[in-house]
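Residues in the first sequence are numbered consecutively from 17, following the numbering used here.
Beneath this line is the structure, given in structure tokens, with notes to follow.
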Amino acid sequence: MIEKNYQPADIESRMSRIWDESGAFKAGRPERKGAEPFTIVIPPPNVTGSLHMGHALNNTLQDILCRFERMRGRDVLWQPGTDHAGIATQMVVERQLMERQEPGRRDLGREKFLERVWQWKAESGGTIINQLKRLGASCDWSRERFTMDEGLSRAVVKVFVELHRQGLIYKDKRLVNWDPALVTAISDLEVQQVEVKGHLWYLRYPIEGKNFSPDDPTSFIVVATTRPETMLGDTGVAVNPDDERYTNLIGKNVILPLVGRKIPIVGDEISDPEKGSGAVKVTPAHDFTDFEIGKRHGLPQINVFDKEACLTLVDNEDYLRGLPEGASQLAEELNGLDRFVARKRIVARLEDFGFLEKIEPNVHMVPHGDRSNVVIEPYLTDQWYVDAKTLAAPAIAAVRSGATTFVPKNWEKTYFEWMENIQPWCISRQLWWGHQIPAWYGPDGKFFVAETEEEAVGNALGYYVEQEVITPEQGAEMARDASKREGFITRDEDVLDTWFSSGLWPFSTLGWPDETPEVQRYYPTNVLVTGWDIIFFWVARMMMLGIHFMEEAPFSTVYIHRLVRDEKGAKMSKSKGNVIDPLGVIDDYGADALRFALARGAAHSHDIKLSPQLVETNRNFATKLWNACRFAEMNGCAMPADFDPANAQETLNRWIAHETSRATREVTEAIEGYRFNDAANAMYRFVWNVYCDWYLELAKPVLTGEEGTAKAETRAMVAWARDEILKLLHPFMPFITEELWAVTAKRDGLLVLADWPRKAGALSDEQLASVVTTSPSDAVIPSVILALDAGEFSDPEAEAEIGWVVDLVTAIRSVRAEMNIAPSVLTPLVLAAASDESKARAQRWIDTVKRLARLADVSFADRAPEGAVQLLIRGEVAALPLKGVIDFAAERSRLEKEIGKADGDIKRVDAKLGNEKFVANAPEEIVEEEKEKREAALARKTKLQEALERLKRAS
RNA sequence: GGGCACGUAGCUCAGCGGGAGAGCACUACCUUGACAUGGUAGGGGUCACAGGUUCGAUCCCUGUCGUGCCCA
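Dropping the structure here:
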């Protein structure tokens, strides 16, 4: 029994439980052993995260695919889980410690702190997973994984060690993006370029050997910089070799103001004569461009900052080297200052001595850490790197060859662009939470990489014994007792970038490096679904590592969806306060409504603009479906076991079978093509505008009429079409459809595992195989094809008849509305000179048409009565005698307008047909169509003119 | 500066070579036995602009203008 009101909250909690208990989402269900697998790995959300609209969209789309394929009989594995989010998690736990006024991270020490992180994870790490369940995500929750799990960690170590052995992981001293607040390196992708209103400082650098005077331009060269404080680390000045102002200066030296360091002027193409003064200071240790310039010209790298981006000058050998007496005074004065305080001091000091020429306002992009939101410092450190360029080559090739394809295809260009310009990937992070790097250092800094401490230590001790640093006895002792080697052999403190482990996700979650049956069966996966904003995080990493270790790309398709924005098109952000919380929306309107709203908006070329109102609209759709099912129930609609829609006798029933078949085809093809919006919108139209608006309305007289075969068949068909609708809608609106499935009939099983309505002409792989194996000489048509032909239901005659009814009813309603005829007034209808076919149709539909068009009765006549409103329905006149009601002038102008339209059509077609080139060049069927159009328009015009004549006579 | 999109009804978007569409919003009427979270009807668009290709362009090409995003 269906409840009177649709209440999503009730249904959703109940269905979640039922699905969970049934094990419906589990991969490898025994009855699907022989089925083809369908695999999606979830792009692992951050364990600290909570569900935002982006997740809601991303997972709705994945769920549509999974439920669709599950209903098509595939063995679906949707692999869920979260990543450990090194920086974010560490920040969350540190904040928690602070709020609780407990000892901080450094006070606790590494081991204790990590215990706290695990404790936090146990308590709060399941948030987003539970939220995904509320959305209805049909993941195999029994297989949930976490990137710090034992197995996945083993995969990480193995990958690190192997890549290192292959020379694809190495240690290097390069500039990294350094976050001075979090005190760690971060990746390019964690850096946000933010437009900042800054300044351009023009500084005078005195030329060696000249007497510096601010009034003598030949005594100095002007450099422009956005970061004057870095001048302490300058080791050169670069000018463009083609810049005539400076060519004579190349090779000379300048004396660095305040510092006194002698640094060369070099010629380098990178210097843009148009920009600033045309000369730039070169600070190789603090700027990516300068680093390259420095390398080209052999300039030293002088690092003047510490890890927190405070000046470190005292005891800084690189800085002090070669400086004149008195330099240490400045060093002491500035030492320890924050970079922005230092900037002010240095600028003031430069100004005092006449070294500051001018300051211009300058809007420029400044890198910020996306977590800490502080300015990122290019910083010279030792870090571990992955040779991404080498790994990228096969990843590029996989897309070029079509082994992996992007949907929509144009994202491939972005992918190539990025992959072809990929930089070495810095994978070490100065954090505690994460996979600690499996490298051990000896006293001389030499490192030993191995999968286990035992192995690494063994190698190290062997080496140092051989080098006679220690005796064999000492070595044996240290090998036996870990405390003995403390301080001699130490493990690398750093951990790996979270993405290093996420990159392994498509196979580490399946049990790799163990040779599990799951790896065999579910790798490679079918599709990765992700937003374009993070294409490089997931796609690139998973592609590179997947191909390298599994010898096959991790997914054959990458579906890129757009972003969810607010109703005005602005990106949702906490600071703007325009965030729509998916859970709030689910509370208000239900998960099904949210999912359907997202799916209907998920077009390929646009971001989705979402508003609560839009979700409400889709909740209304759910209500509509609910009430349609209630209607069916109240009318005793049920499907006998042996019911076959293809054998229906009633035209109306054949028509809805025809329309259902068409909807099935549309929806199936749209999902197959990842056109979620087309699929959802096709269902919206079919349910509302076909099933509810016409089929149920037209069926009402039968359902409320006398018992008999027609009524029995209609009851069965109403139920059949309803079931097809529930199936077709299930991937989009799983909760309501499952509920309605359960309450509308006695079922063999859950809807989630029911068979997808067969698309006309589509063969399952199994069926295909059986067709293919049938030898061509075999005259027997495989039975499977016959069965499928029956499944493709088409009935143009039924379509024509119901179309006629629809047109008639619509036209009468329209004219009644125009003439302001009250609904309570029933009018007669006269069909003039009706064909036998129309007469027969009218007889069959008389009750329905009377009801829907509010008619008193229907009769036939040779011609329309005098003074009637005359409607043209599919070439024949239907008249409403409305003496006393009809406004002759208005009716005349209506008919004249109609005639005008017909005339316009004829003229347009005549223009075409009169054009020799058209007749000669256009395809025959188009010409034929145009001729038919002309005929039709002409016939319409003739009839309308007759009607007008009659009207004139009457008035 | 380089790249990718996108300018179609008030709004959000579909259509992408042969008669301009949907949803929402709006207007009018309707509490008719599934549904007012509803029904019926209606108004509303030189498909950004300019060229070109074509028998024919909202659709393909070029350019202009405008908008958004990504990378420098």
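All C-beta atoms in this analysis are idealised placements derived from N, C-alpha and C, irrespective of residue type, glycine included.
Keep in mind it's a predicted model, so treat the numbers as computed, not measured.
Whole-number beta carbon distance between residue 54 and residue 156, since they are thought to touch under 8 Å: With 8 Å as the limit, residue 156 and residue 54 do not qualify as a contact, their Cβ atoms being about 12 Å apart.
I think residue 211 touches residue 379, with their Cβ atoms under 8 Å apart; what is that distance to the nearest whole Å? 6 Å
Mind checking who residue 845 pairs with in its DSSP beta bridge? 874
Helix, strand or coil at residue 628 [DSSP, three-state]: When secondary structure is reduced to three states using DSSP, residue 628 falls in the helix class.
Strand pairing of residue 2, partner residues [DSSP]: Nothing about residue 2 can be read from this structure; the chain reaches only from 17 to 971.
Expressed to the nearest angstrom, what Euclidean distance is found between the alpha-carbon atoms of residue 427 and residue 573? 12 Å
Taking 9 Å as the cut-off, decide whether the C-beta atoms of residue 62 and residue 99 are in contact. yes
Which two residues bound the contiguous beta strand (DSSP E) that contains residue 232? From DSSP, residue 232 is part of no beta strand (DSSP E); its letter is neither H nor E.
If you run the structure through DSSP and keep just helix, strand and coil, what is residue 536? helix
On the three-state DSSP scale, how would you describe residue 821? helix
Any idea what DSSP makes of residue 711, helix, strand or coil? It is helical.
Could you give the distance in angstroms between the alpha-carbon of residue 496 and the alpha-carbon of residue 201? 36 Å
For residue 399, which residues from the same chain have a beta carbon less than 6 Å from its beta carbon, with the 5 sequence-adjacent residues on both sides left out? 192, 201, 442 and 444
The alpha helix (DSSP H) spanning residue 741 covers which residue range? 725-745
If I follow the unbroken alpha helix (DSSP H) through residue 887, where does it start and stop? Residue 887 -> not in any alpha helix (DSSP H); beta strand (DSSP E) instead, spanning 884-889.
Closest Cα partner of residue 848 within the set 857, 886 and 286: 886
What does a CB cutoff of less than 6 Å around residue 634 pick up in its chain, not counting 5 residues either side in sequence? 609, 612 and 613
Cβ-Cβ distance between residue 825 and residue 868 below 9 Å: yes
Beta bridge counterpart(s) of residue 221 as assigned by DSSP: The partner list for residue 221 (beta bridge, DSSP) reads 237.
DSSP beta-bridge partners of residue 892: 889
How far does the alpha helix (DSSP H) with residue 598 in it reach, from first residue to last? 598-605
Since I believe residue 602 is in contact with residue 4 (beta carbons under 8 Å), could you give me their beta-carbon distance rounded to a whole number of angstroms? A query on residue 4 cannot be resolved here, the shown segment of the chain reaching from 17 to 971 and no further.
When we look at the beta-carbon of residue 747 and count the other beta-carbons within 10 Å, is it buried (16 or more) or exposed? buried
Is there contact here, the stretch 563-581 with the stretch 614-627, by at least three beta-carbon pairs under 8 Å? Touching, yes, given that three or more Cβ pairs across the two stretches are closer than 8 Å.
With a threshold of 8 Å, are at least 3 pairs of Cβ atoms found where one atom belongs to the stretch 827-841 and the other to the stretch 675-693? no
Is it buried or exposed for residue 538, if we count other Cβ within 10 angstroms and need 16 for buried? buried
Under the three-state reduction of DSSP, which class applies to residue 588: helix, strand or coil? Residue 588 carries a coil assignment under DSSP once its states are collapsed to helix, strand and coil.
State the beta-bridge partners of residue 295 as determined by DSSP. 255
Can you tell me where the beta strand (DSSP E) with residue 381 in it begins and where it stops? Secondary structure note for residue 381: its beta strand (DSSP E) is the uninterrupted segment 372-385.
DSSP state of residue 518 mapped onto helix, strand, coil: helix
Check each candidate in 521, 545, 546 and 548 and name the one with the smallest Cα separation from residue 535. 521
Under the rule that 16 or more other beta-carbon atoms within 10 Å means buried, what is residue 24, buried or exposed? The residue is buried, with at least 16 neighbouring Cβ atoms inside 10 Å.
Sorted by chain position, which residues of the same chain lie with C-beta nearer than 8 Å to residue 922's C-beta, five sequence neighbours on each side aside? 950, 953, 954 and 957.
Label residue 560 either buried or exposed according to how many other C-beta atoms from any shown protein chain fall within 10 Å of its C-beta, with 16 as the threshold for buried. buried
Three-state secondary structure (DSSP) of residue 811: In the three-state reduction of the DSSP assignment, residue 811 falls in the coil class, being assigned neither a helical nor a strand state.
Specify the secondary structure class of residue 485 as computed by DSSP and reduced to three states. coil
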